[in-house]
Every structure is written in C-alpha cells, then in structure tokens.
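Notes follow the structure.
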Amino acid sequence: MIDFAKLMSDLELIEKQEGKDINLMRSTISSIDEVILRLLEKRIEVARNIALEKKKRNEAIEIKEVEEEKLRVILSMTAMNPLIVKELFTLIIKLTKEEEYKAIGVSRTVGVLGPKGSFSEEMGLKLVGSRTPLRYCSTTDEIIKLVEAGEVDYGIVPIENSTNGTVLPVLDALLSHDVEVFGESKLEVNQCLVAKENLPLSSIKYVYSHPQAVAQCMGFLNNYLSNAEIRYTSSTSDAVRLLDNNSAAIMSENGARLHGLYVIRKGIQDLKQDNVTRFYIIRRPTGKVFGRVTSLFFGVEDRPGSLKDALDVFYRKGFNLRKLESRPAKTVLGDYVFFVEVEAPLGQEDLKELREVTVFYKVIGVFDTVERLDVYC
C-alpha cells in the first residue's frame, strides 16, 4: 500500500536538500511509479464501467474524434516533449480500450467507414449486430492500414456497386497492402436527399456526399438540382457536419434518422431496384483460405498475346471470371496490372501455370459469402 504522507514528505525533503540524496530520490521515483500504476488501474476500472454502459446504449467503444480531442487537451496541459507524451497516452488509451472490450465480451474489432450513419456502418451492423465492436475510420485506406497493422481484427470495405462498378481506390489499396479477403457481403443501397429542414429544391445551393453516392444519383441531380454545386465528402454520413440552411446531403434514410435530418426525397438513385453494394471483409493474412471465389492481381509482359496467355489458364480449366479490371502499375505510362475474380478456389497447380505466363501474381483472397461475423468471446 502506498504511503502518500511519506511520499509527499520525501518530495519536500528533496526540494530542500542542498546536497541531494540519490538513494532517497531513487526511492521516491519508485514510489511515484507505483502511484502511476495504481492510477492506471483505477482509470481502467472506470473505463470498464463506461464500456458496460455503452453496450447498453449500443454505442461504439472507440470514437476517433473523442480520442483526438482527449490527446489535444492532454498535450495542452504540459510543456514536456509533445511527441513522447502523445505516444505515451496513445498507449494508455490503447490499453484501456483492450480492457473495455474484454469487459463486454468483445474479442475482435471491426473497422468501418464512418461516422455513424454510413452504409459501411449499416453493413457492419448487419454482420455483427451491434455498434460496440465497430471502429469508425475516415477513409477506406485507413481501414485497410489498420487491419494490416493489427489495430483492428477485421475491416469492411466496399468493392463494387451495381451502378458505379468497382470502387477503384479500394482495389488499389488492396494491391499495395498485405491483407486477406476472407468474405464478401451485399447491401441494398437506397439513397435519400436530406437536409436540416424541408427545403424546396430550388433553394439548395450545395449537395454534399461521397463520390460513389453522387455517381449513383446523377440522373436526379441533373434533372432537379442542375444548378447546385456538388461537394464531395469522405463518406455519406460525413456530409452531415457540413450542412447549413441552403445545402443538402445524399445518404441513407437510417443515417438521416440517426442525425435528426429531414428526408426531402427517397430513392433518388438512378437504379431504382437492385442498387447493391458488395463489400469485402478483410483481415491480416492467415494462410487459411477457402471458398468458391479467388481474387488476385497479376502482371504480364508488354507483348502481343501476353494477356490472352494468362486468361487461357482459366479458360482451359473452365473457370469463369466474374470480374476483370486493369489498373495502372504506377511505374511507367502504359504498364498495367490486372485484377480478376475467378469463380473457383485456385490450387497450387493452377497458380503454377499462371506463374509461367505472368511476371507476377498476388492472391488477395479465397472466399465465400459471409452472413455473420463472430466477434464475441
């Protein structure tokens, strides 16, 4: 047990001493270290209670904006090296979150595109049933990086929409980072025009939303809001913070309800039925891959027939390609990397044949449809 009276007495004695007693100072530092540890334990104890309350309210444990503001306030309270202090308290917050998740029985966390009210969150809720395990990220690239670093266990990223096609930034990030696709899931997407109040369309000067959502609604925008300026945001729900009295946003009806917004028009997407977004579910590579679909990238030599040679590997085996995309290799102009989804679990013999006719290949996943993610202990 800490003797606080003795600790304070020793600190006063050290201050008054002309010739400092090094043994006393070392002993005092040890006592201070113990105080820090006991206070950390108390911090975690309080945080566990917060986690239990959040679970009752169906709220996420991790709220990025709150953590960032907390760090900003802490840094304003000291003149010590801000980089080291920030690193120290980031670790303390990380330790606290781990204990919070344990307290509510969550063993795995899931990264989604935030803030609350996004279609990615809706997909996450469909898969895990609660906001509690969700970690809201600013971009899909951030989700992929957090999964790669082990900061979250799973990530949910949009890969394709029935109106817009492939989500190219996600595709590029999957090539650049070391993650594994182990599942896919689909979400029907209905876009709404929302605002702070029931605005006449003629008074709307700005429309905020994610580029994918805007592209899905170009018919409506051209017909009814041709004079409004389109402004892009990192997600549909991120548009909420930018709304004023002469602007609107495109987002889901659930998102509008969550943020207390008025739905001016429902179902404004061009594809009135079956406007579906397909999501990849990713994790760190495990080597344990199985399923009916294989996703991979490959590159070929710059010569006539090289792409045909690669595609013939799939043709000869009767494997159907449900997706084929080309992406710039980001080396020299004219060099491309190809992405395919093959409706077959490619084995070692298949990959050996592919290796012989390509300059490289990278399998990013073998997977099936996932209906539920198990994130609880």
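If you're matching positions, the sequence shown starts at 0 in numbering that gives the first Met the number 0 and goes up one per residue.
Think of the CB as a built atom: it goes at the ideal place given N, C-alpha and C, for glycine as much as any other residue.
Helix, strand or coil: which one does DSSP assign to residue i?
{"i": "L186", "result": "strand"}
{"i": "M122", "result": "helix"}
{"i": "S202", "result": "helix"}
{"i": "N80", "result": "coil"}
{"i": "E150", "result": "coil"}
{"i": "D349", "result": "helix"}
{"i": "R130", "result": "coil"}
{"i": "A380", "result": "Here the chain comprises residues numbered 0 to 376, so residue 380 is not present and cannot be evaluated."}
{"i": "F338", "result": "strand"}
{"i": "K406", "result": "The requested residue 406 does not occur in the structure, where the chain is confined to residues 0 to 376."}
{"i": "D32", "result": "helix"}
{"i": "L323", "result": "strand"}
{"i": "T357", "result": "coil"}
{"i": "R37", "result": "helix"}
{"i": "R283", "result": "coil"}
{"i": "D273", "result": "coil"}
{"i": "N52", "result": "A quick correction: the sequence has Glu, not Asn, at residue 52. E52: helix per DSSP, three-state reduction."}
{"i": "N160", "result": "strand"}
{"i": "F313", "result": "helix"}
{"i": "R240", "result": "helix"}
{"i": "F318", "result": "coil"}
{"i": "E252", "result": "helix"}
{"i": "S246", "result": "strand"}
Enumerate in chain order the residues of its own chain whose CB-to-CB distance from residue i is below 7 Å, with the five nearest sequence positions on each side excluded.
{"i": "L295", "result": "V339, Y360, K361, V362 and I363"}
{"i": "K96", "result": "I60 and E61"}
{"i": "A102", "result": "R47, A50 and L51"}
{"i": "V321", "result": "Here residue 321 is Arg; the residue named in the question, Val, does not match the sequence. If we look at R321 and ignore the five residues flanking it on each side, its Cβ neighbours are E340 and E342."}
{"i": "V169", "result": "T139, V156, P157 and I158"}
{"i": "L198", "result": "A247 and I263"}
{"i": "F118", "result": "L186, V188, T235, S251 and T276"}
Report the option in the options whose CA atom is closest to the CA atom of residue i.
{"i": "N319", "options": "G304, K329, S305 and T293", "result": "T293"}
{"i": "V111", "options": "P132, I155 and E98", "result": "I155"}
{"i": "T27", "options": "L6, G116, L36 and L186", "result": "L6"}
{"i": "F88", "options": "L124, I35, S117 and G116", "result": "I35"}
{"i": "G290", "options": "N22, G254, E228 and V365", "result": "V365"}
{"i": "E66", "options": "I92, K54 and V356", "result": "I92"}
{"i": "E352", "options": "F297, T235 and R107", "result": "F297"}
{"i": "R371", "options": "C136, A238 and M122", "result": "M122"}
{"i": "T285", "options": "E355, Y314, D177 and G346", "result": "D177"}
{"i": "L224", "options": "D237, S236, L192 and T235", "result": "L192"}
{"i": "S236", "options": "L90, R42 and R256", "result": "R256"}
{"i": "E99", "options": "K54, T77 and M79", "result": "K54"}
{"i": "Q347", "options": "V288, E300 and C136", "result": "V288"}
{"i": "P327", "options": "R315, V299 and K316", "result": "V299"}
{"i": "L345", "options": "L323, T330, K329 and K316", "result": "K316"}
{"i": "K329", "options": "M79, D171, T108 and S29", "result": "D171"}
Excluding five sequence neighbours on each side, which residues of the same chain lie with their C-beta closer than 8 Å to the C-beta of residue i?
{"i": "P81", "result": "L74"}
{"i": "N189", "result": "S251, E252, K265, G266, Q268 and N274"}
{"i": "V105", "result": "I60, T131, P132, V374, Y375 and C376"}
{"i": "S325", "result": "Y335, V336, F337 and F338"}
{"i": "V166", "result": "T139, V156, P157, I158, E159, N160 and Q211"}
{"i": "V84", "result": "I73, L74 and T77"}
{"i": "C136", "result": "K63, G110, V111, L112, G113, I142 and L145"}
{"i": "L242", "result": "A194, K195, Y207, A248 and L260"}
{"i": "V228", "result": "First, the amino acid is wrong: residue 228 is Glu here, not Val. Excluding sequence neighbours, E228 sits near K204, Y205 and V206."}
What whole-angstrom Cβ distance do residue i and residue j have, given they're in contact under 8 Å?
{"i": "I143", "j": "L173", "result": "7 Å"}
{"i": "Y261", "j": "E196", "result": "5 Å"}
{"i": "V369", "j": "I280", "result": "6 Å"}
{"i": "S233", "j": "H209", "result": "7 Å"}
{"i": "R230", "j": "Y205", "result": "6 Å"}
{"i": "D367", "j": "G182", "result": "7 Å"}
{"i": "S184", "j": "L270", "result": "At roughly 19 Å, the Cβ-Cβ gap does not stay under 8 Å, so S184 and L270 are not in contact."}
{"i": "S8", "j": "N57", "result": "Actually they are not in contact, since the Cβ atoms of S8 and N57 sit about 50 Å apart, beyond 8 Å."}
Report whether the distance from the Cβ of residue i to the nearest heavy atom of the ligand NAP is below 7 Å.
{"i": "A50", "result": "This structure simply doesn't include the ligand NAP, nor any ligand for that matter."}
Kindly list the residues whose CB is nearer than 6 Å to the CB of residue i, restricted to its own chain and excluding five residues on each side of it in sequence; keep chain order.
{"i": "G254", "result": "G116 and S236"}
{"i": "A238", "result": "Y207, S208, T232 and A248"}
{"i": "E187", "result": "V275"}
{"i": "I43", "result": "T95 and E98"}
The segment 299-309 in contact with the segment 332-350 per 3-pair CB rule at 8 Å: They touch, by the three-pair rule.
Cβ contact check for the segment 264-282 and the segment 154-162: 3 or more pairs under 8 Å: By the C-beta criterion, the segment 264-282 is judged to be in contact with the segment 154-162, since at least 3 inter-stretch pairs fall below 8 Å.
Contact the segment 245-260 vs the segment 143-154: 3+ CB pairs below 8 Å: At 8 Å Cβ cutoff, the stretches do not touch.
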